[in-house]
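K.L.:
My questions all concern the structure below.
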Amino acid sequence: MCLVVGALYSWALYSRKAPWSPRLNYSLALLRFVVVSFLCFLLLGPYLKAVTNTAEKPTIVVALDNSQSVGLYTNKNTLTKTAQELEKLAESLGEENFRVEFQTLNLNTNKPKPTETKFDNPTTNLDELLSHVQGVYESRNLAGVVLLSDGIINKGKSPTYSDFNFTVYPVAVGDTVAKKDIALSSVLYNKIAYSGNKFPVVAEIQHEGFKGNTATVVLKENGKILDRKNITLRPDGQPTRAEFTLTATAPGKKHYEIEALPQKGEFSTLNNTKHAYLDIIKGKLSVLIAAAAPHPDIRAIRAAIQTNDNFETVLFIPGITQFKPDKYDVAVLHQLPSRLSGNNEALAYVRQKNIPALYIVGSQTDLAAYNQLGTGLTINRRGGQTDEVIPVLNASFRKFQIDQTTTSAFEKYPPADVPFADFNVSPGTEVILLQQVGRVKTTKPLLAASVKNQKHNATLLAEGIWQWRLTEGAATENPAHFDKLMVSTIQLLTAQQNKKRLNVYPVQDEYYVTDDIRFEAEVYNAIYERIFGQEINLRITDEKNKSRTFSFNNGEGFSGLNIGNLPGGVYSYVASTTLDGKPEQDRGQFVVQELQLEALNALADHNLLYQLAQKTNSRLYYPNQLEQLQADILKADYKNIIYPNEKLEDLVNLKWLFFVLLLLVSIEWTLRKYHGSY
């Protein structure tokens, strides 16, 4: 059609007799035919498709197990020479059309060459290393991974249990010959102890080549020996225990060092020491459990609370036990206030002493009286009916952590009875659990807590929760989710309200020596509104009274002060600033734990590397076989991958076509004018 239009246009313009020669006339007609036909063609919107091919070389990743065990127990000369040979291997493979990259256990840091790598990583997780490589190179031409390792892993799962889509070429280092050695393999202790109580610290000692010998184990604090035990090492190679009994003193964090004294001929003493970090706290918190009448819910709640050693419970049921006024830290009030007369003695005492309380609402609860208590939740009952509900976690609740596996546990709970009512949640009250009726998840509260003011209160709107604990216990033999919910709620109610205007705290109470330690800061004005822009000084002191000083500005959007990592030990800190011309301080403690995992095992595990190689259709190599390794990689004949790239572009967008058409039109116009246009 475009050609027809062009031909008709040319015939109409040049069919008449012209003042120039026929040959020139045909030439001008041809020019006009070409221009018009092509313009019509452009009106159809044609496009060009360009296909370009990109070739990606096969990649070999040299993965380095830069853990302490490799540096400690591999011959230094062998390790240095192997590192140099790996770099030569990388250069040779690069000349053979391979792309070679390096990776260490430090996944998110720079990737140094083998000769620049420091073998000082405190843990070994080979599965994480190889999985990281697989993820990073997922859509790339990854041929294989050359893994330099001693096969010792102390974190994560064994890489032999994972499936990798590349070939692993293990290069085995380390020593597989057992050495005479004593190792303090583990220390068993409770991390929390109560002041004034005695608590045990048990050290387990393993050995190689010292059967029947006597070893001395000492327990120290701040370098001072507190106790020592002489033990006879078992001839069967099983761990031998040394048990120490200590008395918890003043509240605070404690750091104890347990050491098995070196033996003559021992290969290494790096694994002879371990550390214990304890938190000494005040005596148990007293929980009053009061009820309007006997009910199986009471036993379930009491059993859940008693799973936590921080609490002791006192039970009061009218007509069964006598109420004893005492200094209670928190109260659980089952169906109080009650519609039964004369059963509100405990409630009156709790209200008078301003004791934090968890209210359990049931069929005997006087809802009108409950609504007058100011718990942060109002119940407007609609008739005498009840809903049968199961609990659902409120995803926006952040006051304490609830394991996500709890959701599936809750789904298996039998329904509990909840008043059919409208619920009004006051500002400052947070909903912990929501109601699910059948398969419908509602927005109605089931468990709510108000801890913003002087009165800490929580309300559970369910009767028959004893079935929840019983059902979970029957299924798992341990109703951990129910118990955790009850204990966490009680802990929330007993938590002291923070009235400090300066609140500086570490993000965690415990760190490892490899962790970056970060501090958060909160500053409040006289009416406890959050304010920003203050300069805060932070002084951190270790057990040897060595101080480190930091200064930072509490700006809006401040993401925390990162002070890097610290050596193991118990640290105290003091933060200070000036508010309204007056100095404000905050202080606290945190723990940095020594790992010592790498020094524990000096025996290389080449069998793990052999299994990993077999699983990926490879073999195990040793440092003197790197030439064979290179030959095997080349023999595998890894190919480039061709990636086609298709590009579409409208023909009308090509600028050079405009100038071609302009040139043709200009030639036609010039010839017509030169030879006399009509």
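Quick note, the numbering used here runs 1070 ahead of the 1-based positions in the sequence shown. For every residue, glycine included, the Cβ atom is placed at its ideal position computed from N, Cα and C. Just so it is clear, the structure is predicted and the values come from calculations on it, not from any experiment.
#1: How would you call residue 1246, buried or exposed, if buried means at least 16 neighbouring beta carbons within 10 angstroms?
#2: Would you call the stretch 1435-1446 and the stretch 1557-1564 in contact, with 3 or more CB pairs under 8 Å?
#3: So, at 7 Å on beta carbons, what are the nonlocal neighbours of residue 1383 in its own chain, with the 5 sequence-adjacent residues on each side left out?
#4: State buried or exposed for residue 1195, treating a residue as buried only when at least 16 other CB atoms are found within 10 Å of its CB.
#5: Kindly list the residues whose CB is nearer than 8 Å to the CB of residue 1416, restricted to its own chain and excluding five residues on each side of it in sequence; keep chain order.
#6: In whole angstroms, give me the CA-to-CA distance for residue 1128 and residue 1174.
#7: Which residues share a DSSP beta bridge with residue 1169?
#8: Looking only at its chain, what residues have a beta carbon closer than 6 Å to the beta carbon of residue 1629, apart from the 5 residues adjacent to it on each side?
#9: What does a CB cutoff of less than 6 Å around residue 1107 pick up in its chain, not counting 5 residues either side in sequence?
#10: So, with DSSP's three-state summary, where would you put residue 1158?
#11: Are the beta-carbon atoms belonging to residue 1250 and residue 1279 less than 8 Å from one another?
#12: For the stretch 1231-1240 against the stretch 1317-1335, are there 3 or more C-beta pairs whose distance is under 8 Å?
#13: Note the first and the last residue of the continuous alpha helix (DSSP H) segment covering residue 1206.
#14: Helix, strand or coil for residue 1561? Go by DSSP, reduced to three states.
#15: Using the beta-carbon count (16 or more within 10 Å), is residue 1085 buried or exposed?
#16: Under the assumption that residue 1690 contacts residue 1683 (Cβ atoms under 8 Å), give the Cβ distance between them as a whole number of angstroms.
#17: Which value, in whole angstroms, describes the spacing of the CA atoms of residue 1156 and residue 1166?
#18: Which residues share a DSSP beta bridge with residue 1530?
#19: Hey, quick one: how far does the alpha helix (DSSP H) through residue 1727 stretch, first residue to last?
#20: According to DSSP, what are the bridge partners of residue 1659?
#21: Rounded to whole angstroms, what's the CA-CA distance from residue 1329 to residue 1641? Just pull it up for me.
#22: Could you tell me if residue 1122 is buried or exposed, where buried requires 16 or more neighbouring beta carbons within 10 angstroms of its beta carbon?
#23: Buried or exposed: which applies to residue 1707, given that a residue is buried once 16 or more other Cβ atoms fall within 10 Å of its Cβ?
#24: Looking only at its own chain, which residues have a Cβ that is under 7 Å from the Cβ of residue 1585, when we skip the five neighbours before and after it?
#25: In the DSSP assignment, find the unbroken alpha helix (DSSP H) run with residue 1676 in it and report its ends.
#26: How far does the beta strand (DSSP E) with residue 1599 in it reach, from first residue to last?
#27: Tell me whether residue 1096 is buried or exposed, calling it buried when 16 or more other Cβ atoms sit within 10 Å of its Cβ.
#28: Would you mind reading off the limits of the alpha helix (DSSP H) that contains residue 1720?
#29: Name the residue from 1643, 1583 and 1511 whose alpha carbon lies nearest to the alpha carbon of residue 1574.
#30: Report, in whole angstroms, the separation of the C-beta atoms of residue 1140 and residue 1189, which I expect to be a contact under 8 Å.
#31: Put residue 1335 into one of helix, strand or coil per three-state DSSP.
#32: Take residue 1152 and list the residues in its own chain whose beta-carbon comes closer than 6 Å to its own, dropping the five residues that flank it on each side.
#33: Give me, in chain order, the residues of the same chain whose beta-carbon lies closer than 6 Å to that of residue 1468; leave out the 5 immediate sequence neighbours on both sides.
#34: What is the DSSP secondary structure of residue 1078, reduced to helix, strand or coil?
#35: Assuming residue 1052 and residue 1109 make a contact with CB atoms under 8 Å, what is their CB distance in whole Å?
#36: Compare the Cα-Cα distances from residue 1429 to each of 1340, 1414, 1343 and 1530 and report the closest residue.
P.N.:
Taking the definition as stated:
#1: Burial call: exposed.
#2: The stretch 1435-1446 vs the stretch 1557-1564: no contact.
#3: Taken in chain order, the residues that qualify are 1357, 1359, 1372, 1375 and 1376.
#4: Label assigned to residue 1195: buried.
#5: Excluding positions up to five away in sequence, the list reads 1358, 1360, 1386, 1393, 1401, 1403 and 1406.
#6: Rounded to whole angstroms, the gap between the alpha carbons of residue 1128 and residue 1174 is 20 Å.
#7: Bridge partners of residue 1169: 1129.
#8: Closer than 6 Å at Cβ, skipping near neighbours: no residue.
#9: Cβ neighbours of residue 1107 beyond the five flanking positions: 1072, 1073 and 1076.
#10: Residue 1158 falls in the helix class under three-state DSSP.
#11: For residue 1250 and residue 1279, yes; Cβs fall inside 8 Å.
#12: They do not touch, by the three-pair rule.
#13: Segment 1196-1206, the alpha helix (DSSP H) holding residue 1206.
#14: DSSP places residue 1561 in helix when its eight states are reduced to three.
#15: Exposed is the label assigned to residue 1085, since fewer than 16 other Cβ atoms lie within 10 Å of its Cβ.
#16: With a Cβ gap of about 5 Å, residue 1690 and residue 1683 count as contacting.
#17: In this model, residue 1156 and residue 1166 are separated by some 15 Å (Cα to Cα).
#18: Note: residue 1530 sits in a beta bridge opposite 1430 and 1517.
#19: According to the DSSP assignment, residue 1727 belongs to the alpha helix (DSSP H) that extends over 1725-1745.
#20: In the DSSP output, where bridge partners are listed per residue, residue 1659 has 1642.
#21: Going from the Cα of residue 1329 to the Cα of residue 1641 covers about 21 Å.
#22: Residue 1122 should be labelled exposed.
#23: Residue 1707 should be labelled exposed.
#24: For residue 1585, where only same-chain residues beyond five positions count, the Cβ hits under 7 Å are 1635.
#25: Per DSSP, the unbroken alpha helix (DSSP H) holding residue 1676 starts and ends at 1676-1685.
#26: Where residue 1599 is concerned, there is no enclosing beta strand (DSSP E), given that its DSSP letter is neither H nor E.
#27: The residue in question, residue 1096, is exposed, as its Cβ has fewer than 16 Cβ neighbours within 10 Å.
#28: That residue, residue 1720, is in no alpha helix (DSSP H); its beta strand (DSSP E) goes 1711-1720.
#29: Answer by Cα proximity: 1643.
#30: Residue 1140 to residue 1189, Cβ: 5 Å. Contact.
#31: Here residue 1335 carries a coil assignment [DSSP, helix/strand/coil].
#32: The answer, listed in chain order, is 1693.
#33: Correct list: empty, nothing qualifies.
#34: Helix.
#35: Here the chain comprises residues numbered 1071 to 1748, so residue 1052 is not present and cannot be evaluated.
#36: Of 1340, 1414, 1343 and 1530, the residue nearest in Cα terms is 1530.
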